[in-house]
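> Below is one structure. I have some questions about it.
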């Protein structure tokens with residue numbers, strides 16, 4: 001059931017859980033727990049659709065390198081950032097959970113098998129229950145070889161058919177009697193007494209106030225907002241920050257076009273690297289550096305995809321027009337759109353044939369191809385989230401955000417490109433970016449963040465070295481938990497959402513008394 005604090009007054013609810021944040025993690029926790037018979041308060045600071053006034057609460061000061069995701073990668077709305085992401089699903093590598101020699105503070109407090117069953121369960125809540133788990137089976141279905149490249153391991157990512165969790169779980173959120181979702185309920189203060197949380201103070205931008213209570217509180221906020229909320233000053237200090245690490249060691253994934261690609265045999269190349277569409281699911285071919293080579297070169301974890309960049313604006317308009325017509329959005333189609341589409345009819349026919357018959361994406365012959373690299377940041381990254389002395393309209397101090405890229409991270413990208421030159425020599429010429437090879441600082445301008453906000457509330461078995469314990473319980477409080485990518489001790493290079501959802505399911509089991517790992 002969905003309510004709006006702008007228009008309705010909360011009644012006293014005998015809830016079992018109060019979940020803060022209705023993004024991927026919060027919705028997953030609410031749905032899973034409600035189906036177990038738990039009564040859920042799910043609080044979202046934004047509305048049903050994106051609002052400028054809500055987004056303005058995220059305005060932040062940037063002290064380090066440019067970071068687009070501090071503003072564009074945080075969305076305060078029902079569904080959270082799932083309303084705009086692509087829906088790519090990846091597990092972290094086993095290596096990411098393991099302490100690595102020469103990589104300080106690497107690894108997690110438990111090995112990857114601890115999450116194996118939760119990764120599998122998460123697929124159902126992501127709309128991927130029927131997706132093919134075996135990469136080899138996907139390639140066999142296409143009648144193509146599953147090609148490997150020596151020091152670069154080939155594999156596939158999966159993509160959610162419906163990436164927007166607010167739409168994916170709309171019926172459950174709206175109709176399930178155990179879920180009470182409140183919109184425009186922004187958390188401003190966690191009320192505590194005697195080492196436990198006793199209530200959550202919320203308010204709207206119009207000044208309406210409410211206090212929500214439950215035996216357990218779970219903060220399922222984004223990776224940046226998690227640190228921000230718990231950094232807010234309190235009388236007597238922050239009991240969860242004995243380590244002094246709150247907001248420290250923030251990690252994103254560094255994305256960049258590290259090399260240009262010239263295929264030797266275009267057909268073979270596109271058969272190997274074009275996106276796959278099979279039986280209602282999308283799969284994306286990817287490459288990653290094998291652990292032995294990482295250890296030999298002293299690199300971090302790193303992988304890549306092939307980026308196909310079509311500079312033809314008219315072709316892009318034609319594709320957009322076809323999509324609008326297929327979805328019945330006739331009001332968005334102009335006469336100019338139809339004219340552009342007619343001019344590119346042969347290309348569109350070829351595209352449709354490749355999609356329907358070959359089950360692959362189509363790239364025009366003149367498309368530019370790049371090796372798009374995704375690089376892990378160091379677990380002890382110098383990046384940080386701190387607070388300014390400026391308050392937002394809710395009264396919370398705003399963020400000062402300092403994103404840094406280390407020389408070790410740049411060296412990891414350099415080594416990856418050099419390995420790729422050798423490993424992919426049979427299928428393409430790899431032309432590394434000259435600024436990357438020379439170590440020029442100009443290369444930093446080519447590095448993007450990935451909207452993957454991790455770290456700042458490190459998971460650790462001790463409050464001397466972390467902010468939450470291995471069950472995600474916030475140190476200093478007996479009944480408060482953090483379910484966010486902010487708890488990642490190290491981050492690998494894989495998209496974090498699938499791992500966050502596996503942690504959400506593990507936490508749900510823990511709070512239901514069925515958690516054994």
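Numbering (the numbering used here), first residue to last: 1 to 517.
Just so you know, even glycine gets a beta-carbon here, dropped at the ideal spot from N, CA and C.
1. Is it right to say residue 99 is buried, meaning 16 or more other beta carbons lie within 10 angstroms of its own, or is it exposed?
2. Provide the residue span of the beta strand (DSSP E) that contains residue 51, from first to last.
3. With burial defined as no fewer than 16 other Cβ atoms inside 10 Å of the residue's Cβ, what is the status of residue 487: buried or exposed?
4. Going by C-alpha distance, which of 303, 90, 405, 275 is nearest residue 441?
5. I want to know whether the region 222–240 touches the region 466–475 - three or more CB-CB distances under 8 Å.
6. Taking contact to mean at least 3 C-beta pairs separated by less than 8 Å, is the region 31–47 in contact with the region 177–186?
7. Can you list, in chain order, the stretches of the beta strand (DSSP E) that have 3 or more residues and sit fully within the region 226–266?
8. Going by DSSP, which residues form a beta bridge with residue 139?
9. Residue 384 to residue 432, Cα distance in whole Å?
10. Where does residue 282 sit, in a helix, a strand or coil, going by DSSP?
11. Whole angstroms are fine: how far does the CA of residue 22 sit from the CA of residue 532?
12. Using DSSP's beta-bridge definition, name the partner residues of residue 473.
13. Between the region 150–166 and the region 280–290, can you find at least three pairs of beta-carbon atoms closer than 8 Å?
14. I need the DSSP call for residue 448, collapsed to helix, strand or coil.
15. Assuming residue 29 and residue 483 make a contact with CB atoms under 8 Å, what is their CB distance in whole Å?
16. My guess is that residue 492 and residue 250 are in contact by the Cβ rule of under 8 Å, so how many angstroms apart are they, rounded?
17. Name the two residues that bound the continuous alpha helix (DSSP H) containing residue 292.
18. Below 8 Å, how does it come out for the region 497–507 and the region 88–102: are there three or more Cβ pairs, yes or no?
19. When we look at the beta-carbon of residue 143 and count the other beta-carbons within 10 Å, is it buried (16 or more) or exposed?
20. Exposed or buried, residue 152, counting other C-beta atoms within 10 Å across all chains shown (16 or more means buried)?
21. Inspect the beta-carbon positions of residue 201 and residue 211 and report whether they are closer than 8 Å.
22. Secondary structure at residue 305, three-state DSSP: helix, strand or coil?
23. Cutting at 7 Å between CB atoms, please list the residues of its own chain near residue 290, excluding the five before and the five after it.
24. By the 10 Å Cβ neighbour count, where 16 or more other Cβ atoms means buried, how is residue 462 classified, buried or exposed?
25. For residue 521, count neighbouring Cβ atoms within 10 angstroms of its own Cβ and tell me buried if that reaches 16, exposed if not.
Taking the definition as stated:
1. Taking the chain shown and counting its residues from 1, one reaches residue 99 at position 99. Looking at its Cβ environment, which holds fewer than 16 other Cβ atoms inside 10 Å, residue 99 is exposed.
2. Position 51 of the chain shown, counting from 1, holds the residue named residue 51. That residue, residue 51, is in no beta strand (DSSP E); it is neither H nor E in DSSP.
3. Translated into positions along the chain shown, residue 487 becomes position 487. Burial call: buried.
4. If you number the chain shown from 1, residue 441 lands on position 441. Of the listed residues, the one whose Cα sits closest to residue 441 is 405.
5. yes
6. yes
7. 254–263
8. Taking the first residue of the chain shown as 1, we reach residue 139 at position 139. Note: residue 139 sits in no beta bridge, so no partner.
9. As a working mapping, residue 384 is identified with position 384 in the chain shown. As a working mapping, residue 432 is identified with position 432 in the chain shown. If I take the Cα positions, the gap works out to 31 Å.
10. Walking along the chain shown from the start, residue 282 turns up at place 282. Three-state result, residue 282: strand.
11. Absent from the structure is residue 532, since the part of the chain shown begins at 1 and ends at 517.
12. Your numbering for residue 473 matches position 473 in the chain shown. In DSSP, residue 473 forms a bridge with 481.
13. yes
14. Taking the chain shown and counting its residues from 1, the one referred to as residue 448 is at position 448. DSSP places residue 448 in strand when its eight states are reduced to three.
15. By one-based count along the chain shown, residue 29 stands at place 29. By one-based count along the chain shown, residue 483 stands at place 483. Yes, residue 29 and residue 483 are in contact; Cβ-Cβ is about 6 Å, under 8 Å.
16. Numbered from its first residue, the chain shown carries residue 492 at position 492. Numbered from its first residue, the chain shown carries residue 250 at position 250. Contact doesn't hold; Cβ gap of about 15 Å is too wide.
17. Here residue 292 is taken as the residue at index 292 of the chain shown, counted from 1. Unbroken alpha helix (DSSP H) run through residue 292: 291–297.
18. yes
19. Along the chain shown, read from residue 1 onward, the residue named residue 143 stands at position 143. Exposed.
20. Within the chain shown, the letter at position 152 stands for residue 152. By the neighbour-count rule (16 or more Cβ atoms within 10 Å), residue 152 is buried.
21. Locating residue 201 in the chain shown gives position 201, where the first residue counts as 1. Locating residue 211 in the chain shown gives position 211, where the first residue counts as 1. Yes.
22. Numbered from its first residue, the chain shown carries residue 305 at position 305. Residue 305: strand per DSSP, three-state reduction.
23. Locating residue 290 in the chain shown gives position 290, where the first residue counts as 1. Closer than 7 Å at the Cβ level, and outside the excluded window around residue 290, lie 151, 153.
24. Looking up residue 462 in the chain shown gives position 462. Per the 10 Å Cβ criterion, exposed.
25. Because the chain spans 1 through 517 in this model, residue 521 falls outside it and cannot be assessed.
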